[in-house]
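Residue numbers (my numbering): 141 to 284. See structure below.
In structure tokens, the structure reads:
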């Protein structure tokens, strides 16, 4: 599944897993993908979020407010939620629509925005982001 992912996109997934563990969540949801994008810090996905004033700390705080922390750090594999899996499928769709043969952090963010119903987008909106503006920012950054 991750063959087409760039090194930064793969790192985003690894960091999302680490963030899920830090929050003691036994699943990897769309909210953890947002944290992974921000923790990666350099990709277009992170740049778009940073331009919108979104920080790792504000998203972590939002997640804790919405769902709290888990009870005890998960051991072993952390499974993706159905919504997170859908976001990754949509990331591929976004990449193909843009004529890209790879999946980068920008496509993960676009997939999150297209899915639109997960906690990831809810936390972004609560932190002051506007999904349409984020999408436009990603497209502008891709043109540079």
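Note that beta-carbon positions come from the ideal geometry of N, C-alpha and C, so glycine has one too.
Alpha carbons only, please: which of 186, 171, 173 and 206 is nearest the one belonging to residue 119?
Past the boundaries of the shown model lies residue 119; the chain is included only from 141 to 284, so the question cannot be answered.
At 3 residues or longer, what runs of the beta strand (DSSP E) sit wholly inside the segment 191 to 257?
With a minimum length of 3 residues, no continuous beta strand (DSSP E) run stays inside the segment 191 to 257.
Measuring CA to CA, which of 166, 168, 156 and 167 is closest to residue 178?
The option with the nearest alpha carbon to residue 178 is 156.
Assess, as a yes-or-no matter, whether the segment 208 to 228 is touched by the segment 158 to 172 under the definition of 3 or more beta carbon pairs within less than 8 Å.
Taking 8 Å as the limit for Cβ pairs, the verdict is that the segment 208 to 228 does touch the segment 158 to 172.
Return the Cβ separation of residue 269 and residue 194 in integer angstroms, given the expectation that the two are a contact with Cβ distance under 8 Å.
About 6 Å; that satisfies the 8 Å criterion.
Is the number of C-beta pairs between the segment 142 to 149 and the segment 198 to 209 that are closer than 8 Å three or more?
Short answer: they don't touch.
Using the C-alpha atoms, what's the distance from residue 230 back to residue 248?
If I take the Cα positions, the gap works out to 8 Å.
Are residue 184 and residue 253 close, meaning C-beta to C-beta below 9 Å?
It is not a contact, given that the beta carbons lie outside the stated cut-off.
Am I right that residue 232 and residue 243 are in contact with their C-beta atoms under 8 Å? What's the rounded C-beta distance?
That belief holds up - the Cβ atoms of residue 232 and residue 243 are roughly 6 Å apart, short of 8 Å.
Below 9 Å between beta carbons: does that hold for residue 226 and residue 200?
Cβ atoms of residue 226 and residue 200: not closer than 9 Å.
Going by C-alpha distance, which of 154, 214 and 192 is nearest residue 264?
Minimum Cα distance to residue 264 is reached at 192.
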